[in-house]
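This report concerns only the one structure given below.
There are 2 protein chains.
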Amino acid sequence: VKIGIVGGTGDIGEGMAMRLSTVFDLVVGSREQDKAEASCTITRETLKNRGQECSLCGVTNQDAVDGADVVILAIPFRHVVPTLSTLHGFEDKIVISPVNPMEKKDHFVFVPPPEGSAALLIQKLLPKEARLCCAFNTIAANRWKALDEELAYSVPVCGDEEEAKQQVMGIVNRISKLQAFNAGPLAVSPQIESLTPLVLNIARYNRMRDVGIQFR
Amino acid sequence: VKIGIVGGTGDIGEGMAMRLSTVFDLVVGSREQDKAEASCTITRETLKNRGQECSLCGVTNQDAVDGADVVILAIPFRHVVPTLSTLHGFEDKIVISPVNPMEKKDHFVFVPPPEGSAALLIQKLLPKEARLCCAFNTIAANRWKALDEELAYSVPVCGDEEEAKQQVMGIVNRISKLQAFNAGPLAVSPQIESLTPLVLNIARYNRMRDVGIQFR
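So the protein lines, in turn, are chains A and B. Going by this note's numbering, the first sequence opens with residue 507, and the numbers climb by one from there. Going by this note's numbering, the second sequence opens with residue 507, and the numbers climb by one from there.
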């Protein structure tokens, strides 16, 4: 399976690329291809120095969509509408949203759009043939990049297409020690997305770093 | 510290009474005192057969408020308004809400009142001197009652009064292996309450029993 990352040079996207490129063929997208190529060079060097093989190349966001079977939207919530308005070709793709609509006041607040969640908004913006799932919402950028540490977290995955969801869960389960859990249809995405402000609040008020979640 | 349980003969309340009465002095309330007394007799017998000492007595819900420093509202969301309209004397009490507003369709849905959460509604119904916290939201009734098993879960606690919240966290940390985490002000209560439909969905879609959460 070939995975594309839209926003692959952002904080989360770059960390994902480091982990995913050792397991999957990756196309890393950015608004500017130069930036994507530079980021991939760094990732390749980092992994080479660790003795790890990888497969990735830097492209535009549109090429990351076109060249992949599964597309991860590694973008902040505020970029969802502008980014998706410039991209096409999502028909028949599996699309993964790790996007969390939130704001930082004194504490972190879940601020979903009128649709109820980032994922439900994204579903409206994608062609109906695209198969959308939520996944990776609660894994912090710092965790993705801390390559010396296993990601021993639970990952709730939701989506309306059972086969696509199973594929996404299979991808999750191949990364470090992540464990995928089927959380139900896309309608539960607000429950998943609001986990992220919660764990950020718990980190903030208990002076912890990069709090993750395990279901048991 | 003396703890009162309003709704102490319900599913959750009865399980809580079994665990809490071995650590704290407990007054277990019910709409009918007879029912509370009968439930306490069973709890006392159960714990005696296990060689565990306990301290509890069955009273009315009003007496459970009057006789306690800390009052746990162990009632379903639909009972919040009718129950609180019959009770008084919450001034200066610490009140704990484990209440989760949700509905079961095909999956479990978080259905908060217009205030944003059960806790924010309860805050409106209580006198302003009451000090309200959310805690225990995600611990399933079956887990409370499975006395052979430790409760090795994380418990997010939120509230606006720092001292009351520290007291509640202290209570949480004395029960089995529960670990309290400060999640911030009462405004984050929607994030905590929506965890429960999420873990119920994860249990349902992964054929697991009584899923709990750990932050780490």
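Don't be surprised by glycine CBs; every beta carbon is placed ideally from N, CA and C.
Say whether chain A places a C-beta atom closer than 8 Å to the C-beta of F687 of chain B.
It does; some Cβ of chain A falls within 8 Å.
Closest to P582 of chain B by CA distance: which of B:G595, B:P604 and B:G564 is it?
Here the closest residue by C-alpha is B:P604.
Is it buried or exposed for V617 of chain B, if we count other Cβ within 10 angstroms and need 16 for buried?
V617 of chain B should be labelled exposed.
Option nearest A574 of chain B by Cα separation, candidates B:S561, B:K599 and B:H594:
Nearest C-alpha to A574 of chain B: B:K599.
N707 of chain A to L701 of chain B, Cα distance in whole Å?
Roughly 14 Å between the two C-alpha positions.
Buried or exposed for I522 of chain A, going by 16 or more other Cβ atoms inside 10 Å?
Before going on, a small fix: residue 522 of chain A reads as Met here, not Ile. M522 of chain A comes out buried.
Contact set for T566 of chain B: own chain, Cβ-Cβ below 8 Å, skip 5 residues either direction:
For T566 of chain B, where only same-chain residues beyond five positions count, the Cβ hits under 8 Å are G535, S536, R537, E538, Q539 and A542.
Below-8 Å beta-carbon distance, I719 of chain A vs any chain B residue:
True, the Cβ-Cβ gap to chain B drops below 8 Å.
Interface flag, R637 of chain B vs chain A, CB-CB below 8 Å
Answer no: the Cβ-Cβ gap between R637 of chain B and chain A never drops below 8 Å.
Name the DSSP beta bridge partners of Q685 of chain B, please?
The partner list for Q685 of chain B (beta bridge, DSSP) reads B:S660.
Residue burial classification, E772 of chain B (beta-carbon count within 10 angstroms, cutoff 16):
Absent from the structure is residue 772 of chain B, since the part of chain B shown begins at 507 and ends at 722.
Could I get the ranges of all uninterrupted alpha helix (DSSP H) runs contained in the segment 570–640 of chain B, with 4 residues as the minimum, in chain order?
The segment 570–640 of chain B contains these whole alpha helix (DSSP H) runs: 586–592 and 624–631.
Cβ neighbours of R680 of chain A in the same chain (closer than 6 Å, five flanking residues each side left out)
In chain order, V529 place their CB closer than 6 Å to the CB of R680 of chain A, counting only its own chain and leaving out the 5 sequence neighbours on each side.
Candidates B:A646, B:L657, B:A636 and B:A647, of which the one nearest E669 of chain B by Cα
Comparing Cα positions, the closest option is B:A636.
For the segment 582–595 of chain A and the segment 651–662 of chain A, state whether three or more C-beta atom pairs, one from each stretch, are separated by less than 8 Å.
At 8 Å Cβ cutoff, the stretches do not touch.
Can you look up V717 of chain A in the DSSP assignment and give me helix, strand or coil?
Here V717 of chain A sits in coil by DSSP.
Residues in the same chain with beta-carbon distance under 7 Å from L638 of chain B, minus the five sequence neighbours each way, listed in chain order, please.
Counting only Cβ-Cβ distances below 7 Å, and skipping sequence neighbours, we find V601, S603, A625, I628, Q629, L632, G665 and L692.
Considering only residues of the same chain and omitting the five flanking positions on each side of D517 of chain B, which have a CB-CB separation below 8 Å?
Cβ within range, chain order: A647.
Could you give the DSSP three-state label for V512 of chain B: helix, strand or coil?
Three-state result, V512 of chain B: strand.
Does DSSP put E519 of chain A in a helix, in a strand, or in coil?
Residue identity differs from the one stated: residue 519 of chain A is Gly in this sequence, not Glu. In this structure, DSSP gives G519 of chain A a helical state, which the three-state scheme calls helix.
Is it right to say E559 of chain A is buried, meaning 16 or more other beta carbons lie within 10 angstroms of its own, or is it exposed?
Exposed is the label assigned to E559 of chain A, since fewer than 16 other Cβ atoms lie within 10 Å of its Cβ.
Quick check on R525 of chain A: buried or exposed, where buried means 16 or more other Cβ atoms within 10 Å of its Cβ?
Using a 10 angstroms sphere on the CB of R525 of chain A, the tally of other CB atoms reaches 16 or more, which defines it as buried.
Provide the residue(s) that pair with V565 of chain B in DSSP beta bridges, ordered along the chain.
V565 of chain B is bridged to B:G535.
Would a C-beta distance cut-off of 8 Å place Q720 of chain B and R713 of chain A closer than the cut-off?
No; because the gap between Cβ atoms is not below 8 Å, this pair is not in contact.
Hey, quick one: how far does the alpha helix (DSSP H) through Q673 of chain B stretch, first residue to last?
Q673 of chain B -> alpha helix (DSSP H) spans E668 to N679.
Between S561 of chain B and chain A, is any beta-carbon pair separated by less than 8 Å?
Not closer than 8 Å to any Cβ of chain A, the Cβ of S561 of chain B fails to qualify, so no.
Can you list, in chain order, the residues of the segment 610–627 of chain A whose Cβ is nearer than 9 Å to any Cβ on chain B?
Within the segment 610–627 of chain A, the residues whose Cβ lies closer than 9 Å to any Cβ of chain B are, in chain order, K611, D612, H613, F614, V615 and F616.
Residues in its own chain within less than 8 Å of K651 of chain B by CB, not counting five upstream and five downstream?
Correct list, in chain order: E520, G521 and M524.
If you draw a straight line from the C-alpha of Q697 of chain B to the C-alpha of P703 of chain A, how long is it?
So the alpha carbons of these two residues sit roughly 8 Å apart.
Just list the residues that DSSP pairs G665 of chain B with in beta bridges.
Bridge partners of G665 of chain B according to DSSP: B:C639.
Proximity of V576 of chain A and I509 of chain A at Cβ, strictly below 8 Å:
Yes, the pair counts as a contact, with Cβ atoms nearer than the cut-off.
Out of A:V705, A:S695, A:E667 and A:V663, state which residue places its alpha-carbon closest to the alpha-carbon of Q685 of chain A.
Measuring from the Cα of Q685 of chain A, the nearest candidate turns out to be A:V663.
Need the endpoints of the alpha helix (DSSP H) that S700 of chain B sits in, please.
Note, S700 of chain B: premise wrong, no alpha helix (DSSP H); not H, not E.
In whole angstroms, what is the alpha-carbon distance linking G514 of chain A and E597 of chain B?
As the crow flies, the alpha-carbon of G514 of chain A is around 54 Å from that of E597 of chain B.
Give the straight-line distance between the Cα atoms of V717 of chain A and T549 of chain B, rounded to the nearest whole angstrom.
Computed Cα separation, rounded: 37 Å.
What residue range does the alpha helix (DSSP H) around R649 of chain B cover?
R649 of chain B -> alpha helix (DSSP H) spans A647 to K651.
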